[in-house]
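Read through the structure below, which is laid out as structure tokens, and then see the notes.
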Amino acid sequence: FRTVTKVEYLILFATSNDLWQTFSQTCRGRCGDVLEKCSCHDTCMSLMSCCADYNQSCFQVIPYSSSMLGGKALRILGLDLHPHGQLLCRFKGEILRDGFIDAEGRAYCISPLLYETGWIPFDVSTDGIKFDRSAQYFSVHPSKADPAYKVTLGNATQWQYYGTPNVAGRLEFTWNSSLISAEKVNIELWGYREFKAKEETNASALLEAELRYLYSLGRNLTNTGAFSFIPEPKEDYSDWELGNIRITASSNVEGARDVQGLWSGGYVLAWHLEQAFRENSAAWAHNKCLKWDVLEENLPNFLNELIDCPCTLAQARADTGRFHVSTCTSANPQIISVQIVPIHGSGQQCCYDSTGSLVLTGDSVGGSTPDRAHDWGSPPYIKPPRVPGYSHWLYDVMSFYYCCLWSPHCHIYLKRRPSSGCQNYRPPRAGVVLGDPHFITFDGLRYTFNGKGEYYLVSSPAKGLSVQARTEQVKLKNGTLAKATRLSSVAMKQDASDVIEVRVAGAHLQVLRNQNILPFTEQRWMDLHGVYVFSPSPGNVTVIFSSGVGVEVCLYEGTMAVTVLLPGEFYNHTQGLLGSMNSDPSDDLTIQLGEVISSADATLEEIFTFGASWNISKKSSLFTYDSEHLLDMYNIPPSHDPTFVPAFSLPESLDDPLVADMLTMCYGEGSQFCKYDTLTTRDLTVGNATLKAYQKHQALLHALKPVVSCGWLPTPRNGWKNGTDYLEGSTLSFACNKGYIMYGSAERTCLGDGTWTGDQPFCITGTL
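Just so we're aligned: 25 in my numbering is position 21 of the sequence shown, and the numbers increase by one with no gaps anywhere.
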């Protein structure tokens with residue numbers, strides 16, 4: 005054998021010592037941390053820097069989401085235990101529950117009942133002492149939970165109106181029996197309420213939320229997946245007007261919390277209300293309606309904090325930073341646009357008819373209404389009126405039943421929940437980056453900047469907003485690199501929100517939250533800290549900040565396009581590659597140090613200098629560097645690559661075989677961007693993708709054009725009104741019933757200055 009030299013020994017000793025330190029450092033209780041010699045952060049997998057016990061200490065769970073009502077078995081991946089071993093699960097550091105281990109040694113925790121949505125941390129113990137292995141799961145609004153895990157009620161109308169005139173009989177519901185591993189089940193009723201704790205005598209004391217077991221509808225029943233019953237009034241439980249049905253294995257103690265089971269959605273418990281309701285439901289409900297009216301009188305006025313509804317459905321769909329389209333659940337079965345939660349946790353429901361016109365409650369009970377408690381809840385959740393779903397039911401839906409559905413006194417409800425109209429609605433401003441890459445600023449300036457690096461799209465220190473973009477060099481089909489760049493990632497944050505990054509990952513978009521990859525296999529919508537993320541498809545992501553800022557990211561043939569929408573509060577408060585939002589495009593080419601390059605006669609080289617000036621600092625970077633490539637290309641070098649010089653212009657040669665097809669495809673508005681990208685990439689599909697992205701942006705700008713509204717006009721008493729369109733150019737006509745004559749104008753037209761022609765009509769008793 006060869007003798008080891010002293011130098012070789014020292015190298016061998018150092019290497020062995022590093023390995024020993026790597027294996028000796030543990031991720032137990034350190035998940036998310038980067039240690040001295042190894043890492044417990046999610047990025048360690050791609051960087052190949054994980055500590056030896058990372059997979060056994062920092063878990064993933066499947067499924068990763070559960071209704072906030074709980075009862076779902078979450079399998080802990082990578083943790084295999086003895087079937088007769090011990091497993092304790094601790095949620096949020098305080099909710100302690102037994103887990104279970106199946107016959108194959110797979111470990112499970114049962115999601116608990118919570119009054120909040122979002123990512124919920126939990127840790128586990130196998131000895132009952134140390135809770136040093138951790139994971140997280142996603143708690144969702146009950147309406148967003150997997151439908152397979154829901155108890156489905158039968159005839160919805162029968163459940164809602166049970167006990168009112170001519171509504172009786174058997175109530176039915178069903179469930180997926182295979183999801184409860186038991187031959188016998190218990191069927192329970194749980195009730196929800198919000199109350200002041202007994203020891204609290206202060207009138208302004210915070211309310212508490214409670215979902216409590218009330219009684220069982222059936223015990224030790226065969227698990228057939230269906231049940232029906234004839235309800236009886238429950239005098240002792242009549243105060244519980246809202247609740248859920250839960251089904252669990254009969255081996256569980258009735259009313260046991262956080263055991264495996266299936267829940268119905270929250271619904272009104274009309275069927276078990278006291279006998280007085282069945283004897284005269286209209287009078288009973290009217291009394292409740294009057295009490296609610298008195299209660300509302302003493303609550304804070306929330307209407308002034310809400311922005312008006314968009315005037316048209318097109319505006320509502322386009323304003324993704326403040327409104328989200330879903331199915332309307334009111335009497336008008338069209339479209340509802342829900343405003344993101346403002347200061348007091350209230351919200352705006354904006355309903356539109358089949359023509360896209362805003363429906364107002366002055367014309368239809370199914371019109372747009374404000375909500376004291378937003379259906380999604382609002383941070384910090386847990387306490388009323390911020391509990392997702394349930395607070396909205398108690399403050400806004402139950403009163404609709406009292407005043408409108410169970411009794412004919414809807415005018416009381418509408419007095420407290422009037423439609424806002426849209427006279428004060430102001431659409432957001434939109435800027436976009438598309439293709440290789442081309443920019444259209446908030447003020448409409450168009451230019452191309454082909455820098456390579458990481459840059460500010462929008463920087464607004466006054467509003468705490470930062471939107472950053474990363475570009476990469478374009479690779480041609482033959483494998484060579486073009487003298488052009490394209491977006492590869494965009495990262496964003498506002499104030500203390502989570503950091504969201506959206507980046508190209510092959511043929512789809514990948515979303516990261518605080519450097520951790522977000523999965524969208526179970527949930528398309530995620531409520532995060534200070535921000536929402538919606539991904540309806542693998543190539544489409546919308547990021548919505550609580551301030552009303554929206555960022556839409558779309559993938560076109562592998563090329564990313566990013567649209568930023570800003571509400572009016574950002575006027576005169578933006579800078580960066582998307583310009584200064586101030587209705588003056590001439591100052592949009594302002595470099596980071598403050599010098600303004602005139603956009604009217606700026607050269608391509610000057611525009612490049614402007615763009616390069618908006619490179620981010622390493623300290624301000626919001627990006628994730630979780631591969632050797634990203635570290636070498638972006639984290640270590642300057643954030644703007646000074647060695648890369650793009651092709652500022654490309655001549656169109658008629659001898660080029662690509663030109664003829666390009667000219668056929670690239671025409672009309674946006675053709676210059678289409679041509680540039682076709683020639684730089686030598687690919688017609690890329691040019692066509694750029695043209696599509698441009699056309700989509702133009703359609704967005706068209707939808708966001710301001711619309712003049714003159715405001716709602718009432719129907720004259722003892723008369724009628726023809727028309728419900730209150731926008732510029734619309735004409736309404738009025739007439740009186742037989743035996744009445746009209747004073748005022750029989751027709752009124754909405755003018756461009758927001759006023760109506762003519763005078764308000766009145767119908768007076770008499771004949772001409």
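Idealized CB from N, CA, C, for every residue including glycine.
- Taking Leu593 as the centre and dropping the five residues before and after it, the same chain places the C-beta of Leu449, Tyr451, Gly583, Val600, Ile601, Ser602, Ser603, Ala606, Glu610, Ile611, Phe614 closer than 8 Å to its C-beta, in chain order.
- The shortest CA-to-CA distance from Gly381 to any of His396, Gly370, Thr373, Ser368 is the one to His396.
- Judged by their CB atoms, Trp288 and Leu73 are not nearer to each other than the 8 Å cut-off.
- In this structure, the alpha-carbon of Lys709 lies about 28 Å from that of Val506.
- With the rule of 3 Cβ pairs closer than 8 Å, the region 75-94 counts as touching the region 127-142.
- For Lys742, the number of other beta carbons within 10 angstroms of its own is below 16, and it is reported as exposed.
- Annotation: Val363 is outside any alpha helix (DSSP H) and is labelled neither H nor E by DSSP.
- Between the alpha carbons of Asn291 and His706 lies a distance of about 49 Å.
- Within 10 angstroms of the beta-carbon of Met52 lie fewer than 16 other beta-carbons, which makes it exposed.
- Per DSSP, Ala697 is not a residue of any beta strand (DSSP E); the alpha helix (DSSP H) it occupies stretches across 688-707.
- Secondary structure note for Gly82: its beta strand (DSSP E) is the uninterrupted segment 77-84.
- The three-state reading of DSSP puts Val401 in helix, counting H, G and I together.
- Distance check between Gly109 and each of Gln90, Trp123, Leu85 places Leu85 closest, using alpha-carbon atoms only.
- In this structure, Ser61 lies away from Arg94, with their beta-carbon atoms at least 8 Å apart.
- The closest CA to that of Ser737, considering only Gly756, Asp763, Lys148, Val263, is found on Asp763.
- The Cβ-Cβ distance between Leu91 and Gly103 falls below 8 Å.
- Taking C-alpha positions only, Gln427 is separated from Thr753 by approximately 16 Å.
- Each residue's CA atom was taken as its position, placing Val711 and Ala703 some 15 Å apart.
- With respect to the 8 Å criterion, Ser643 and Asn619 are classified as neighbours on the basis of their beta carbons.
- According to DSSP, Asn726 shares a beta bridge with Ser737.
- Counted as a single uninterrupted DSSP element, the alpha helix (DSSP H) harbouring Thr161 occupies residues 160-165.
- In this structure the region 710-729 does not touch the region 570-586; the number of beta carbon pairs closer than 8 Å is below three.
- Listed in chain order, the alpha helix (DSSP H) runs fully inside the region 220-298 are 279-283, counting runs of at least 4 residues.
- Going by C-alpha positions, Arg433 is about 28 Å away from Trp760.
- Around the CB of His378, 16 or more other CB atoms lie within 10 Å, so the residue is classed as buried.
- Around the beta carbon of Ala488, a 10 Å sphere encloses 16 or more other beta carbons of the protein chains shown; the residue is thus reported as buried.
- His577 sits close to Ala466, with the two beta carbons spaced by under 8 Å.
- Taking 8 Å as the cut-off, the Cβ atoms of Val462 and Val391 do not count as close.
- Under DSSP, Leu157 forms a beta bridge with Phe177.
- Within the model, the alpha-carbon separation for Val65 versus Asp46 is close to 14 Å.
- The region 223-235 and the region 172-190 touch, with three or more beta-carbon pairs separated by less than 8 Å.
- Setting aside the 5 residues that flank it on each side, Phe135 is surrounded in the same chain by Arg94, Asp127, Ser129, each with a C-beta closer than 6 Å to its C-beta; the list follows chain order.
- If you check the CB distance, Lys148 and Ile124 do not come in under 8 Å.
- In the DSSP assignment, Thr684 falls within the alpha helix (DSSP H) that extends over 675-685.
- Around the beta-carbon of Arg223, fewer than 16 other beta-carbon atoms lie within 10 Å, marking it exposed.
- For the set Phe524, Leu516, Asn722, Asp502, the Cα lying nearest the Cα of His533 is the one of Asp502.
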